[in-house]
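This report concerns only the one structure given below.
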Amino acid sequence: MSLVLDEKEIEHTLIQILQDGTTGGLTDFISWIMLYKKQFLNQEVQIDSNIVKLKLESLKSSGFAEAGKFDPKEFTISSNELQKKKIPSIDKFKILGIGKYSPIQYARSRQENFLNLNKAIEEDATDISIATIEAVENSVKYGDGKTVIFEQEIDSERIYKLKIINGIKEFDLSDEIERGKYSSNITLMRGVMIMEKLFHKLDLQIKNDLNEVHLYAEKKLS
Ligand SMILES: Nc1ncnc2c1ncn2[C@@H]1O[C@H](COP(=O)(O)OP(=O)(O)O)[C@@H](O)[C@H]1O
Ligand SMILES: [Mg+2]
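In my numbering, the protein residues as written are 161 to 382.
Rendered as structure tokens:
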């Protein structure tokens, strides 16, 4: 059975999502309300998209949210509100590796916010973002569709550290052969190659005992 969220709950959850440093459009926020309720209440929820739209607009008029930097149709927490927050050097969260929860945009925007707050220069932030999108995409594409753990940190030597953990989907070897992963062609492992190029350290471990993939990556910030 799914729960119908009322206006107050929608507003409250939107504030939480914005405070976590995300940026997205209306459909992203609808996905993320579903994500938060699934994670924290283990409930599927029904949401009236018109209410979400009105609430986002009113959070913007009240000065809590503002338009995204690159896309005026997107919403993010206002710089005014951001200033009230302590700058985090560690940020840990969980997403669900299913497209309907918009996990890639969630991680991407939350990471961008984290790097911004920590004054990473744009070039570093862009490299890290491109590489991380590849990693999160893999965790959704090849993961078991359940929890993906995402941890980011900037240490005292200004090294950005990323850890992503996902469960592994049961896979069918013939599918893998079909899509050419085991042919001798060169276009394989493109995502991993991009990550290797853009991070200074990359370690992708398959933990067979746990049925998980653990990705660790580092980049020294300029
Ligand atoms: N997070 C992950 N979980 C499970 N398998 C993964 C993960 N990341 C990478 N892989 C495996 O490594 C392979 C190489 O990944 P990648 O270089 O991104 O290439 P592609 O995604 O195009 O197959 C994938 O095909 C997949 O089998
Ligand atoms: Mg890939």
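Cβ coordinates follow ideal geometry from the N, Cα and C atoms, glycine included.
Collapsed DSSP secondary structure at residue i in the structure displayed
i           : result
residue 320 : strand
residue 203 : coil
residue 253 : strand
residue 278 : coil
residue 310 : strand
residue 172 : helix
residue 259 : helix
residue 368 : coil
residue 247 : coil
residue 302 : coil
residue 351 : helix
residue 381 : coil
residue 165 : coil
residue 391 : Because the chain is modelled from 161 through 382, residue 391 falls outside the range shown and cannot be assessed.
For residue j and residue i, believed in contact at Cβ under 8 Å, the rounded distance
i           : j           : result
residue 328 : residue 303 : 7 Å
residue 258 : residue 305 : 5 Å
residue 153 : residue 351 : Since the displayed the chain opens at 161 and closes at 382, residue 153 lies outside it and no answer follows.
residue 184 : residue 241 : With 8 Å as the limit, residue 184 and residue 241 do not qualify as a contact, their Cβ atoms being about 16 Å apart.
residue 186 : residue 225 : Their Cβ separation, rounded to whole angstroms, is 12 Å, which puts residue 186 and residue 225 out of contact at 8 Å.
residue 358 : residue 251 : That belief does not hold up - the Cβ atoms of residue 358 and residue 251 are roughly 19 Å apart, past 8 Å.
residue 382 : residue 231 : The Cβ separation is near 27 Å, so there is no contact.
Cβ shell of residue i (< 8 Å), same chain only, five flanking positions each side left out
i           : result
residue 197 : 163, 165, 173, 203, 204, 205
residue 261 : 191, 192, 194, 195, 198, 255
residue 249 : 278, 313, 314, 315
residue 354 : 290, 291, 294
residue 239 : 226
Chain-order list of residues whose beta-carbon lies under 6 Å from that of residue i (same chain, five-residue window excluded)
i           : result
residue 139 : Given that the chain is displayed from residue 161 to residue 382, the structure contains no residue 139 and the question cannot be resolved.
residue 319 : 378, 380
residue 308 : 255, 257, 299, 326
residue 360 : 378, 379, 380
residue 209 : 190
residue 356 : 362
residue 273 : 181
residue 311 : 252, 323
Residues near residue i in its chain [Cβ-Cβ closer than 7 Å; skip 5 each side]
i           : result
residue 371 : 327, 328
residue 211 : 167, 170
Any C-beta of chain D under 8 Å from that of residue i
i           : result
residue 307 : Here chain D cannot be found, since the structure has a single protein chain.
_Check your reading: residues with Cβ closer than 7 Å to ligand 2 heavy atoms_ = 294, 297, 298, 301, 350, 351
*Jot down the residue ranges of each uninterrupted alpha helix (DSSP H) in the segment 179 to 225, minimum 4 residues, whole runs only, in chain order.*
186 to 201, 209 to 221
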